[in-house]
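Colleague: Numbering-wise (UniProt numbering), the sequence shown opens with residue 1 and increments by one.
For glycine and all other residues, C-beta sits at the position ideal for the given N, C-alpha and C.
Quick caveat: nothing in here was measured; it's all calculated off a predicted structure.
Here it is, the structure in full.
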Amino acid sequence: MSTQRPNQFSAIPRYTGASSTPRPQPPSSSTPSRATQLGLGLGRGASGLGKSVLGRPKGPMKRHMKIQRDSIHGITKGDIRRLARRGGVKRISAIVYSDIRQALRERLALILKDICAIIDSSGRQTVAVTDVVFALQRLGNPIYGFEPSFLRQR
């Protein structure tokens, strides 16, 4: 004696096998393209993601993305400490490092501005040692070991 449970839903069951009404198929061309036949299509399972219009890669985010950071932080705490030791400093406060990086950035910007003016006026695109020496002499901080006869050899 088997007792059947009453149907909870009055809808048509989903998984009862083949139904009498045919399902509508999505529109597609009658024959697949040559690239699809060769397995080169861009359908499901295509491995080549390529690049988008803006130059960013398509697809999901990569696991190890390069984090953009300010390049002045490439001057590490140890680098600043070594420069201070050469100058005779024994102890350095922790809050000084950001101030030193800011001063270094301003000084480099000043020097590089002069160097860019020098190479632009001479029609070159490569910075030479003499350009750096000349820019530092112009700013009033000459590098010892580069006499004026060396600068005239350009």
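1. Roughly how many angstroms separate the alpha carbons of Val132 and Ala117, rounded to a whole number?
2. By alpha-carbon positions, which one of Thr3, Arg81, Asp114 ends up nearest to Val96?
3. Decide if the segment 99 to 118 is in contact with the segment 128 to 145; the criterion is three or more beta carbon pairs, one per stretch, under 8 Å apart.
4. With the cut-off set at 8 Å, would you say Leu104 and Ile143 are in Cβ contact?
5. Measure the alpha-carbon distance for Val127 versus Phe146 and round it to whole angstroms.
6. DSSP three-state label for Glu147, please.
7. Please return the same chain residues whose Cβ sits closer than 6 Å to the Cβ of Ile100, not counting the five positions on each side in sequence.
8. Using DSSP with H/G/I as helix, E/B as strand and the rest coil, what is Ser93?
9. Look at the alpha carbon of Gln102 and the alpha carbon of Pro148, and state the distance between them as a whole number of angstroms.
Modeller: Based on what the coordinates show:
1. 11 Å
2. Arg81
3. yes
4. no
5. 17 Å
6. Reduced to three states, the DSSP call for Glu147 is coil.
7. Ile80
8. coil
9. 32 Å
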